[in-house]
Structures are given as structure tokens and as C-alpha cells.
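Enquirer: Next up is a structure, given as C-alpha cells.
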Amino acid sequence: MQIVRSTLAAEEILQLLTRDYGYPREGAVTMLEYRGVNDVYRYSRGDLSVFLKVYARPGVDCDAVEAEAEVVNTLQRAGLSVAAPIPLLDGRYALQLETPEGARPAALFAEAEGAPCDNETLDAAQTAAIGQLFAAMHTALDALTASLKRWRLDETTFLDPSLELLEEYSHFDRELDLSFLRAVIGEIKTRLRAQSGAWNWGLCHGDLYTGNIHRSSQGTLTLLDFDFCGYSWRAYDIASFLGIFGGGVRPETLARRDRRREAFLRGYERAGNLSAAEIEAVTTVFVPFRRIFNMGYLYHQLLYVWGNRLRREQIHQDLRLLKEWVGYYW
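Sequential numbering from -9 applies to the sequence shown in the working numbering.
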């Protein structure tokens, strides 16, 4: 019988943390912290907490994980606060685990200081500080000249596979408006072909929403969760933070989205390289671009975590909001 997505026992995780990383077993507690695109386990002993990420996405191997660690280490060397990777006893960062479904890589990370930023309470100064952090991150990543084994976050990765998955899914969900989705994808591709050649491109975090930005009580901002990092347009990288997709196009949401963009760009401007066209593309291109990816690729990866009922609910909620979004911004 084929196994698609197994869950490793916390006791097994504790054993490998002791064997491969040298963490003490006595007085330690290990538990499954979170199950999503990846499985994340917390090891706690006294005041110490570290997190083992067991990757589940197809195509992520130990080389890709080593490259992710290099990205995060580059940012740490540049003085940014990040949830840093922790090496194995032999100095590597990627650990290969043999599971019932096959080999899965894993990596250990330090705890991020503070708590996730809250969309509802971020003020203008805090938003500007996040913009400054994004600019510093992009500048530091530009200094990493080596070509790393990370995926390209472009239309061939985000749009084409997602459409194929949604077309396959539509056989089970006759209410899915595929004609609308095909039209949106066609328009996004048209805009990318016409404009994106002049846009800034480079290494990106790839998933920069508020949950992956922690803020301490002293105001320190820490970046974490780089497993989606890859090469893309910088306008895409800021779209997850600026989009506030879930609020739709209600007047109060539009006003809050405008205030966030203005404050963020005040902080980001010291990077000095986002054109007016790129800023406009955040809402007109990259929010729909990412939403198509979520509806297709991402929710497919979560099928054996959520089940199909929750996936269907999320797809149809996103579809409704996407129709509102393009109806307003296009």
C-alpha cells in the first residue's frame, strides 16, 4: 500500500536530535509543533527551543536545503536577525530521513525571537521598519553571487502547474470556474511578457507574510521560514505582505492597504530600485499570481493535511475574492 504523507513520531525525532546534533535527551521534550506544507517539531529543554523542519514538498532534496541554509546564513552575516540554521555534528545542514513514502530532507533552526507580526495592529512606523528590513534583505541577497539550487518563482512554476492541478481537480468539483481562472492566468502572462523585463529580479524569500516576520518586545524584527526562497521578481516578494488579500475590496480594507503600501515604501525606498510600474504590479499582477499558486500548487500539497473538504472551501473562498480583486484592480 502506497504511503503519501507519513507523520514521524516525536520520540524518533528526539533520538535523531540526540544522535545527529548532540542535544541532550535528559529533561528534553519533543513534540509535533505544526503540520502544514512541512512538518515542524519543537525540541525544548529548559529555556532552549529549536525546531526541526521535515520537508514534504516534492522536488526538495538535501542540496536545496543546503542552499536554503546558505541564504539564511548570508543574511545573518549581513547583520539581519533570522531564525538561523543549526548544523549537524558533521557540519552539514541537511539531514536525510528515510520514511515510508521515501527519503525526506530535514533541517534544524533556532527559535525566532518575539511573536508573529499582527496584521491588525501594525502601525505606520512598524510597517516602515518592515519595509526597511525587506530592502536590507534584498540588498544582502544581491551580494550572494553564487547560483544556488533554488527554484524560479515565475510563471512556469506558479501558473502552469497550478492550472494543470486545478483542471484535474475540476473533475471532482464541477462548480469550479475554470474559464475565469484560465482568463486570469492568460492576462497575468500577458502583463509579465510586456513589462517584467525591466523589473528587478533576484533571490527572494518567497513567502513574506506577517506570520514569517517576528517582532520582539524591543522592536527587533526577525525573518524565518525560507523554504520557499528562490529567484523571482522583487515586486513579487513584497506582494504577500502588501496584498492583504483576505480583506477583499471593502472600502476600509482598500484604505488600510493604501496606508500599508505608503508606510512600507517609505522604509523600502532606501533600496532605491522599485519603479512605479513594479509597485503597481504588486496589486495588478503579483497578488493574483500568488493566489493562483495557492489555489493550485499549494493547496494540492496540503491535501493530505487538510483533506479535500477544507481544500474545496479554501479554493472557492479564494475564487470569490480573486473575482473581486481583478474586478477592482483590472
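Glycine is no exception: its CB is placed at the ideal position from the N, C-alpha and C atoms.
For residue 176, count the other beta carbons within 10 Å of its own beta carbon; 16 or more makes it buried, fewer makes it exposed. Which is it?
Expert: By the 10 Å Cβ count, residue 176 comes out exposed.
Enquirer: As an exercise, report each continuous alpha helix (DSSP H) stretch of at least 4 residues that is fully enclosed by the region 43 to 82, in chain order.
Expert: With a minimum length of 4 residues, the continuous alpha helix (DSSP H) runs that stay inside the region 43 to 82 are 52 to 67.
Enquirer: Just to confirm my understanding: we take residue 222, look at its own chain, exclude 5 residues before and 5 after, and list those with CB closer than 6 Å. What are they?
Expert: Cβ within range, chain order: 143 and 194.
Enquirer: Report yes if the CB atom of residue 295 is closer than 8 Å to the CB atom of residue 232, and no otherwise.
Expert: Going by C-beta atoms, residue 295 is not nearer than 8 Å to residue 232.
Enquirer: Assuming residue 212 is part of the beta strand (DSSP E), what are its boundary residues?
Expert: Segment 211 to 213, the beta strand (DSSP E) holding residue 212.
Enquirer: Helix, strand or coil: which one does DSSP assign to residue 34?
Expert: Note: residue 34 maps to strand in three-state DSSP.
Enquirer: Taking residue 228 as the reference, give the member of 270, 241 and 245 with the closest Cα.
Expert: Nearest C-alpha to residue 228: 270.
Enquirer: Considering only C-alpha positions, which residue in the set 82, 81, 80 and 63 is nearest to residue 74?
Expert: It is 63.
Enquirer: Note down, one range per segment and in chain order, each alpha helix (DSSP H) of at least 4 residues found wholly within the region 206 to 274.
Expert: Complete alpha helix (DSSP H) runs here, min 4: 224 to 233, 241 to 258 and 266 to 271.
Enquirer: In chain order, what residues of the same chain lie with their CB nearer than 7 Å to the CB of residue 199, ignoring the 5 residues before and after it?
Expert: These residues qualify, in order along the chain: 230 and 231.
Enquirer: Could you tell me the boundaries of the beta strand (DSSP E) in which residue 99 lies?
Expert: 92 to 100 is the span of the beta strand (DSSP E), which, as asked, contains residue 99.
Enquirer: Hey, quick one: how far does the alpha helix (DSSP H) through residue 23 stretch, first residue to last?
Expert: Premise fails: residue 23 lies in the beta strand (DSSP E), 19 to 25, not in any alpha helix (DSSP H).
Enquirer: Look at residue 100 and residue 42 and say whether their C-beta atoms are less than 8 Å apart.
Expert: For residue 100 and residue 42, no; Cβs fall outside 8 Å.
Enquirer: Cutting at 6 Å between CB atoms, please list the residues of its own chain near residue 247, excluding the five before and the five after it.
Expert: Only 234 meet the Cβ criterion.
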